[in-house]
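What follows is a single structure, written as structure tokens, with notes after it.
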Amino acid sequence: MPRFKSSQKKKIVKVRSIAGILYEDSAPANWKERIAELHVMALVSPKHDQDITAEGKHKKDHYHVMIIFDGPKEVNSASELLKEVGCIEYTQSIHSVTSYARYLCHLDDHDKHPYDPKEVLCFGGADYELFCQRSLDKDSALTEMEDYIDLHHVYSFRRFAQYCRQNEPTWHRHLTTDCGWYIKEYIKSAWWDDCTQEGQ
10 MPRFKSSQKK
20 KIVKVRSIAG
30 ILYEDSAPAN
40 WKERIAELHV
50 MALVSPKHDQ
60 DITAEGKHKK
70 DHYHVMIIFD
80 GPKEVNSASE
90 LLKEVGCIEY
100 TQSIHSVTSY
110 ARYLCHLDDH
120 DKHPYDPKEV
130 LCFGGADYEL
140 FCQRSLDKDS
150 ALTEMEDYID
160 LHHVYSFRRF
170 AQYCRQNEPT
180 WHRHLTTDCG
190 WYIKEYIKSA
200 WWDDCTQEGQ
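In this note's numbering, the protein residues as written are 10 to 209.
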């Protein structure tokens, strides 16, 4: 049985998508052109100029920028792309591309000011409407679940199912209807691979 070494190797974190916040007054004047020049799929929210804090104060106007990659990319390289276009704050990973795409306009956040989906900027062939509907597709949901398992080193099917039930209802629906066995085997394989790598 493989065992973990006491001195664990540093794992390289990879993501398939990443998001950041952009403030116009601190971003380069040509930030939109810079995003286009990345030649990757990206979505930019309408200007969030009606957001309110929990204390009732007006938030500084900003944009949400999401970049979607064709395959896994090291998080440090991904975050550098956000910095290049002018994002100051960024999140290292996105658990669900669909959920974040919908968040760009607060489509599911009824306690927040809604924004017009027609004002979303699309780059690199990204289609905002399709991304908002992606999780309805089994293959897309599977990819998102695999990415989450890899990123967070999930080794318990039960805990993953609990997380899905509480935070990702679309994942949970697929997990309980048509891909539970596959995900269970994926988690077992991920555990085995990580054990053998650490034991080398």
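Cβ coordinates follow ideal geometry from the N, Cα and C atoms, glycine included.
Could you please give the first and the last residue of the uninterrupted alpha helix (DSSP H) stretch that includes residue i?
i, result
"Ala170", "166 to 176"
"Ile76", "That residue, Ile76, is in no alpha helix (DSSP H); its beta strand (DSSP E) goes 72 to 83."
"Ser108", "106 to 112"
"Leu139", "137 to 142"
Under the three-state reduction of DSSP, which class applies to residue i: helix, strand or coil?
i, result
"Leu152", "Per the sequence shown, the amino acid found at residue 152 is Thr instead of Leu. Reduced to three states, the DSSP call for Thr152 is helix."
"Ile21", "coil"
"Cys131", "strand"
"Ile44", "helix"
"Gly29", "strand"
"His67", "strand"
"His57", "strand"
"Asp203", "helix"
"Ala87", "helix"
What separation, rounded to the nearest whole angstrom, lies between the Cα atoms of residue i and residue j?
i, j, result
"Arg111", "Ser165", "29 Å"
"Val129", "Ala87", "21 Å"
"His122", "Tyr172", "28 Å"
"Ala7", "Arg174", "Outside the modelled stretch of the chain, which goes from 10 to 209, sits residue 7, for which no answer is possible."
"Glu177", "Ala135", "23 Å"
"Ala51", "Gly133", "6 Å"
"Lys295", "Val84", "Residue numbering for the chain in the displayed model covers 10 to 209; residue 295 lies beyond these limits and cannot be assessed."
"Val53", "Glu155", "25 Å"
"Ile76", "Glu64", "30 Å"
"Arg12", "Trp40", "Bear in mind that a pLDDT of 46 at Arg12, under 50, signals an unreliable position, so the model cannot answer this."
"Thr107", "Gln206", "32 Å"
"Cys96", "His104", "20 Å"
Between which two residues does the beta strand (DSSP E) holding residue i run?
i, result
"Glu242", "In the structure as shown, the chain begins at 10 and stops at 209. Residue 242 is therefore absent and cannot be evaluated."
"Leu116", "Unbroken run through Leu116: none, as it is neither H nor E."
"Arg51", "Checking the displayed sequence, the identity of residue 51 turns out to be Ala instead of Arg. It spans 50 to 53 - the beta strand (DSSP E) in which Ala51 sits, taken as one unbroken run."
Measure the Cβ-Cβ separation of residue i and residue j and say whether it is below 8 Å.
i, j, result
"Leu91", "Ile21", "no"
"Ile158", "Tyr195", "yes"
"Pro55", "Cys141", "no"
"His161", "Asp203", "no"
"Ala150", "Thr179", "yes"
"Val74", "Leu116", "no"
"Cys131", "Tyr124", "no"
"Val49", "Ser102", "no"
"Lys68", "Thr62", "yes"
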